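Here the structure comes first, spelled out in structure tokens, and everything after it is commentary.
Residue numbers (our numbering): 3 to 134.
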């Protein structure tokens with residue numbers, strides 16, 4: 003009686019399927035590596051021996067309904083320039099953070115910049131950080 007099986011299992015290893023898998027993995031890693039970008043450059047800053055001067059920061063906020071605030075205190079538009087003149091007289095190293103709602107007219111923000119510059123202050127615009 004002959005009991006040998008007709009179907010023999012081949013023990014050969016096909017390199018074609020292995021190269022396909024390696025190629026797909028390589029392609030995946032190359033594509034995913036190009037999507038990842040760095041938003042900042044990492045550097046080591048030098049140390050300084052002198053003292054840093056502390057700047058005074060005053061915030062001026064304009065809302066869409068026409069209200070103005072200087073450091074959370076509501077003021078009229080006509081009172082902004084005299085108040086900034088007082089602040090400039092007290093300290094010569096003052097920064098004015100100008101914040102406006104996202105739907106406010108650009109001219110209102112530009113006027114606040116001009117008032118701050120005219121009085122010898124350094125205006126900067128306050129914006130939201132980018133979403134990640």
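Note that CB positions come from ideal geometry on N, CA and C, so glycine has one too. In this text the structure is predicted, and so the values were computed from the model without any measurement.
Check, Outcome
"Quick one: what does DSSP say residue 76 is sitting in, helix, strand or coil?", "strand"
"Ignore the nearest five residues each way along the sequence and tell me which others in residue 111's own chain have a CB closer than 8 Å to its CB.", "64, 100, 102 and 127"
"Does residue 85 come out as helix, strand or coil in the three-state DSSP assignment?", "helix"
"Please determine if the stretch 62–77 and the stretch 19–35 are in contact, where contact requires at least 3 C-beta pairs separated by less than 8 Å.", "no"
"Do residue 89 and residue 117 have their beta-carbon atoms positioned less than 8 Å apart in this structure?", "no"
"Tell me the DSSP secondary structure of residue 69 in three-state form.", "coil"
"Put residue 60 into one of helix, strand or coil per three-state DSSP.", "strand"
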